[in-house]
Each structure stands twice: as C-alpha cells, then as structure tokens.
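Going line by line, the protein sequences match chains A and B. To get our numbering, take the position in the first sequence, counting from 1, and add 2. To get our numbering, take the position in the second sequence, counting from 1, and add 788. From the three backbone atoms N, C-alpha and C, an ideal C-beta is built for every residue, glycine too. Nothing here was measured: the structure is a model prediction, and the numbers come from that model.
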Amino acid sequence: MTNKQEHGGSGLAQETGELKMMSRATYFREALLRNIFMLCAIVAVAAVALIFVFVGVRGWPVVDDPGIVAFLTGTEWSSTYGEFGILPLVSGTLVVTLGALLLGAPLAIGTAVFLSEIASPRMRSIVRPAVEMLAGVPSVVFGFFGLVIIRPVVADLTGSMGFGPLTAALILAVMIVPTIATLTEDALRSVAPGIRHASYAMGATTWQTIYKVLIPAAKIGIIDATILGMGRAIGETMAVVMVAGNAPQFFSGLGEPVATLTSQIVIDMSYASGTHRTALFGLAVILFLISMGLVGLVRSLARLERRS
Amino acid sequence: MSKWANRVAVTLLWICGLLTVGALAAVIVYVFIRGVGQLNLDFILSAPRGVNAEGGIGPTIVATIYVTGLAMLIVTPIAVLAAVYLAEYAVQGKLVTVIRFAADTLSSVPSIVMGLFGFAFFVEAMDLGFSVLSGALALSFLMLPIVMRTTEEAIRAVPRYIRWGSYGLGASKWQTVSKIVLPSAMPRILTGLILAMGRAVGETAVVIFTMGQAINLPISPLDSGRSMTVHLYTLAMEGINMDAAYGTALLLMIMVLLFNLSARWLARRKGRFEE
C-alpha cells in the first residue's frame, strides 16, 4: 500500500484495467510475503530439529559412559553407585501406561460413543464441555488431587503407602480421556449417516448398530485415538511424579513405588551432574523417539485408511 | 435377548459419560471446598514468607502471567503466519507433509523433554540463565503447534466465495488474506490463542527447568521466577503448608477455567461471513 507511487513497472495494468496483471512492485511484495510465511511454517520443522539436536548432543555421551548396552539393558538405576540402566524405568512406564489404558481407554471410547450416538443434544452440551475442560486441567492439579484423595484410598486397598502404579494409573486414566474421547468421537461422526440408517432400518438395536456397524467402520480412527492417548500417558510427567513413589525398581505390586522415564528426570535433574545428567538427557532422547514414532505410526495408519 | 443386551449396553455407555463428567466435577468441587477458605486479598497479593511459605503467592501469580504473556507475544506472529501459509499459499507436496509431521511431533513431545531442551538450549547454550525469557521461549515451542492448528482450521472455515469476491475486485492475494480472510477468521483464531495460553498457564515441567524455582518478583525478562504450578508442586511434595497448596490449586483452576470459558464464549460468536 505504501508503494503506490512505485507502480509503473507495468503501466499497462493500470491503464487498461486488465485483470491478472500486476505491477512489478506488487509482484515482488507478494512473492516476498509468500516466502516469509513459508519461513514461519518451516519454524515448526526447525523447532523439532533443534530439540532433537540439543537433547541428542547432551545425551549422546551415554554411548561411551555408561555405554549404550549398559544404558539400554541395565537393570539398576542408582546415582550413588553410578549405575544408569533404564530397564526399571521402562518397566515403570510400561506398567503405569498399560494400567492407564486399561482403565481409561474403555471409559473414553464409551464416552465418545455416548456423545455421538446416545446423548440428547442437551446432555451433549454438558458432557462435551466437561471433556474439553478435563483436557485443560493442569497436570500438577491432577497430581495434587491424586496425592490427597486417590492415594489414601489406594493405601487402604493395598495396605501400603499408596504411592505406586495403581494411583498413577488411576490419575492417568482420567487424564487421557479427553485425547481418546475427542478423536474417537470425530471418527464416529465421520461415518456416513446412511450406514447408521441402513442398520436401524434392518431392525438392529442401538447397541447392535454401535458394535457391529459403527465401531468396525471407525476402527482405524479409534486405534489412532488410543495410540495418541498412550503417547500422552507415556509422556505425562508431573502427575506421575507426585503419586508414583519414585523408586527406580521393577514392578512388585500395585501399591509398591515405581519410577517412570519421565518422573526420574524430574526427581534427579535438581542434583544430577556429569554422567548422571547425561543419562537424564539420554532418557529424554528415548522419550522423544517414542513420541515421534507414535505420531509416525498414526500418520501411516491414516494413509493406509485413505488408500482402502 | 437383544433388547436386554441393548439396555445393558446403553446403560453402561451412560455410566461412561457420567463418570467423565463426575471426574471433572470431583476435581473442581474438592479443590474449591478445600481452597476457598484460603482465598483473600492478602493471599493473592503478598509474597510467601519463611520456611513454611506462610503468607501469599503474589510473586508466583506475576511470574505465571509474565511468562505466559511473553510466550504469547513470541509465538502469535510466527504461528499465525505459518497457518496462513499452510491454509492459503501452500500446495500439497513434500514440504507441506514434512511441516505437518513436524507440527504433530512437536505437539506430542512430552513436556519434560521440552523442559530439558529449554534448559540445554536457552538456559545454557544461549546463556539466558533461569529467566522469564528462557521460560517464555520454551513455552512458545509448546504453544506453536496448538496455535498453528487452530488458526489453520479458522482460516479454512472462511467460505471460499468471500475470497472470489475479493479477487474479482482486483485485490492481490495478500490484500485478500489481510483484509478479508484474517479479520473474518479472527474470533476462532483468538479462541485458539486463549486455549494455548490456558495450556501454558498449567504447564509445569517446561517452566521448572527454564524459569527456575526461586521465589522472587520478576521485573526484567532476565529475572528468574517461580510459576504457580511449580509453587503448588513444591508445596505438595514437601508437605509444607498444605493450606497454601489448596489455595494455589484453586487459583490455578480458576484461571484455567476462565481461559476455557472465554474461549468457548468466543468460539460461539460467528465470524463475519459465517452463516
């Protein structure tokens, strides 16, 4: 707009008012802006690369000390003895994530089916905002709630202190509901309504329509949703730190303390140095690769679905 | 038989829906009941005192708003223009696939990894130290994919024919985007920005390793500070002064819910050209 007086590269456009013609100044401005926008979009790529490089560079020395094999297959994580094997943490993450999925995925998928197939518009206008707000509750508040409310209940149930995989899984189950429920509902909604009507017209009940027609049709979407929920559970940090007990040992009971890949980083980072700190960055690299792998998996599943 | 199975199944699905609402209600009600007695002007304004963190949480509120606002300023132009590129300019191809994969990855990177990255890059490599600026830069990485996605959806929701009208009058691409498309997508773009801010306010693992844990009132962007989330974490884990912990949790919930509600309110307002 400022370069009106610069027009003249192609006076023809102004004189004849011909469409599609623009002055050289306009052309350059448009091209420049286009490239600036492209650079902004590439920032996202640069950000991922930057994270990988900086966390990777700090974590890379684990290959020499304690050694990649000792790091990946070691069964002891102890800063006092300088042992940094990740298996106890991997087992902690596995147990907690599996528990969260077992409890949370059915709840979330059930909620999604309820929202898309059963709830009246009025009911939907209560449940859907609740799901969205659940996604907004800070994880430290979930952790705090777990610490003061869930932990004592679990302590009574298991006869322990209540810090352990069961408490963590219960909290995580609620935390992954929004991720899985929202995406599952999207998948169910994208099933063509004609398919539903055909099923009802054949005399099928609501439930028969849901599990014989809708769930098979939305299968890939539901699997995607569950994978992303799993990613959320693996990566969740603060809520787990507050209730898991944070002892890097193998799973030995629902009420016995465990530590996960994420929680161990938070606990150790405040005092770690040298090899210990390097090992923590090594954990971060593993977490990064897991989350990137899960995203890749979801994307290739989506591509598979589009092809079929 | 099938009627009976249907009834059981539908009841179970109802229970799922109600359990989800119940979980949210339980958290909100419990935090409210235990925290509401704590809330008064002194608690909100004054600073924590002594080893038991008596007094208020004023500086942590300032630090939280400071770091979130700064992150917003950093991320908004980049994320919005990136979304403009994806929605208006880009043609489907390798570059777009890579950008989308990167954005998806970025939004699924665990926040603790983001925290360690922020520590290694902003705090140490760029020598910004534990500071509000480091925290804001790290948070902007977390917010980038959220704002990008919601803005792109907002732009795509603007009807095609509005653009044709603009082109038909001889407007250039940028004139169309800046004067027609962006203004009419504005309510939805703002919704995305507010949701991202709510996310940043509730974030702990990123700020704990980039902004530090020292309780002081941050003035310059290079000062360190302790966010409300970090304060709540510290109080709860050390078991000191649980009353202040409940008060902090309640204030956090109120802030996050306000962000959420205002985003919902904005989302219901239609853009200029929507039917």
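Beta carbon of residue i nearer than 8 Å to that of residue j
i                       : j                       : result
residue 796 of chain B  : residue 120 of chain A  : no
residue 979 of chain B  : residue 1017 of chain B : no
residue 88 of chain A   : residue 74 of chain A   : yes
residue 242 of chain A  : residue 262 of chain A  : yes
residue 137 of chain A  : residue 186 of chain A  : no
residue 863 of chain B  : residue 801 of chain B  : no
residue 1097 of chain B : residue 1050 of chain B : Any property of residue 1097 of chain B remains undetermined from this structure, which presents chain B solely from 789 to 1063.
residue 260 of chain A  : residue 154 of chain A  : no
residue 253 of chain A  : residue 53 of chain A   : no
residue 737 of chain B  : residue 113 of chain A  : Limits of chain B in this structure are 789 at one end and 1063 at the other, which puts residue 737 of chain B out of reach.
residue 840 of chain B  : residue 1042 of chain B : no
residue 986 of chain B  : residue 1044 of chain B : yes
residue 911 of chain B  : residue 1006 of chain B : no
residue 832 of chain B  : residue 844 of chain B  : yes
residue 310 of chain A  : residue 191 of chain A  : no
residue 898 of chain B  : residue 237 of chain A  : yes
residue 1094 of chain B : residue 1021 of chain B : Examination of residue 1094 of chain B is not possible in this model, given that chain B is present from 789 through 1063 alone.
residue 102 of chain A  : residue 174 of chain A  : yes
Whole-angstrom distance between residue j and residue i, CA atom to CA atom
i                       : j                      : result
residue 144 of chain A  : residue 92 of chain A  : 23 Å
residue 925 of chain B  : residue 914 of chain B : 11 Å
residue 972 of chain B  : residue 946 of chain B : 7 Å
residue 929 of chain B  : residue 866 of chain B : 11 Å
residue 47 of chain A   : residue 883 of chain B : 10 Å
residue 293 of chain A  : residue 303 of chain A : 15 Å
residue 1037 of chain B : residue 130 of chain A : 24 Å
residue 231 of chain A  : residue 955 of chain B : 43 Å
residue 134 of chain A  : residue 848 of chain B : 26 Å
residue 82 of chain A   : residue 271 of chain A : 14 Å
residue 110 of chain A  : residue 791 of chain B : 24 Å
residue 164 of chain A  : residue 140 of chain A : 22 Å
residue 156 of chain A  : residue 964 of chain B : 59 Å
residue 76 of chain A   : residue 86 of chain A  : 7 Å
residue 381 of chain A  : residue 873 of chain B : In this structure chain A extends from 3 to 310, so residue 381 of chain A is not present and cannot be described.
residue 817 of chain B  : residue 148 of chain A : 14 Å
residue 966 of chain B  : residue 893 of chain B : 29 Å
residue 917 of chain B  : residue 949 of chain B : 51 Å
residue 1056 of chain B : residue 209 of chain A : 33 Å
residue 71 of chain A   : residue 225 of chain A : 33 Å
residue 183 of chain A  : residue 888 of chain B : 23 Å
residue 909 of chain B  : residue 37 of chain A  : 27 Å
residue 1031 of chain B : residue 249 of chain A : 27 Å
residue 999 of chain B  : residue 856 of chain B : 12 Å
residue 896 of chain B  : residue 958 of chain B : 42 Å
residue 1024 of chain B : residue 150 of chain A : 9 Å
Neighbour list for residue i in chain B, Cβ cutoff strictly below 9 Å
i                      : result
residue 223 of chain A : Near residue 223 of chain A there are no residues of chain B at all, since even the closest Cβ is about 16 Å away, more than 9 Å.
residue 2 of chain A   : Nothing can be reported for residue 2 of chain A, as the shown portion of chain A is limited to 3 through 310.
residue 147 of chain A : 814, 815, 818, 819, 1037
residue 296 of chain A : 896
Closer than 8 Å at the beta carbon, the chain B residues around residue i
i                      : result
residue 182 of chain A : The contacting residues do not exist; residue 182 of chain A stays about 11 Å from chain B at best.
residue 46 of chain A  : 870, 887, 890, 891, 894, 932, 933, 936
residue 187 of chain A : Within chain B, no residue comes near residue 187 of chain A; the closest Cβ sits about 11 Å away, beyond 8 Å.
residue 24 of chain A  : 960
Cross-chain neighbours of residue i in chain A, by beta carbon under 9 Å
i                      : result
residue 808 of chain B : 109, 110, 112, 113, 116, 129, 132, 133, 136, 176, 179, 180, 183
Cβ-based neighbour list, residue i, same chain, cut-off 8 Å, excluding 5 preceding and 5 following
i                       : result
residue 63 of chain A   : 277, 280
residue 161 of chain A  : 257
residue 267 of chain A  : 239, 282, 285, 286
residue 146 of chain A  : 244
residue 1039 of chain B : 823, 827, 832, 845, 849, 1016
Where residue i meets chain A, residues with beta-carbon distance less than 7 Å
i                       : result
residue 1017 of chain B : 140, 142
residue 1040 of chain B : 140, 143
residue 874 of chain B  : 43
Cutoff 6 Å; reference residue i; Cβ partners in own chain excluding five residues on either side
i                      : result
residue 152 of chain A : 169, 172
residue 94 of chain A  : 260, 261, 262
residue 296 of chain A : 229, 233
residue 984 of chain B : 931, 934, 935
residue 836 of chain B : 843, 1003
Residue i CB to nearest heavy atom of the ligand MN below 7 Å
i                     : result
residue 25 of chain A : Ligands are entirely absent from the displayed structure, and the ligand MN is therefore not among its contents.
Chain-ordered neighbours of residue i on chain A, where CB pairs are closer than 8 Å
i                       : result
residue 905 of chain B  : 52, 53, 56, 57, 286
residue 799 of chain B  : Correct list: empty, because the minimum Cβ distance to chain A is about 10 Å.
residue 967 of chain B  : Result: empty, since nearest Cβ-Cβ is about 10 Å, beyond 8 Å.
residue 1045 of chain B : 135, 138
Same chain, Cβ closer than 7 Å to residue i, five either side skipped, listed in chain order
i                      : result
residue 852 of chain B : 989, 1015, 1016
residue 997 of chain B : 903, 904, 906, 907
Any C-beta of chain C under 8 Å from that of residue i
i                      : result
residue 992 of chain B : No chain C is part of this structure, whose protein chains are labelled A and B.
Length-filtered (4 minimum) alpha helix (DSSP H) runs lying within the segment 833-880 of chain B: 846-872
Start-end ranges of the alpha helix (DSSP H) lying completely within the segment 123-149 of chain A, minimum 4 residues: 123-138, 141-147
Inside the segment 241-271 of chain A only - alpha helix (DSSP H) runs reaching at least 4 residues: 263-271
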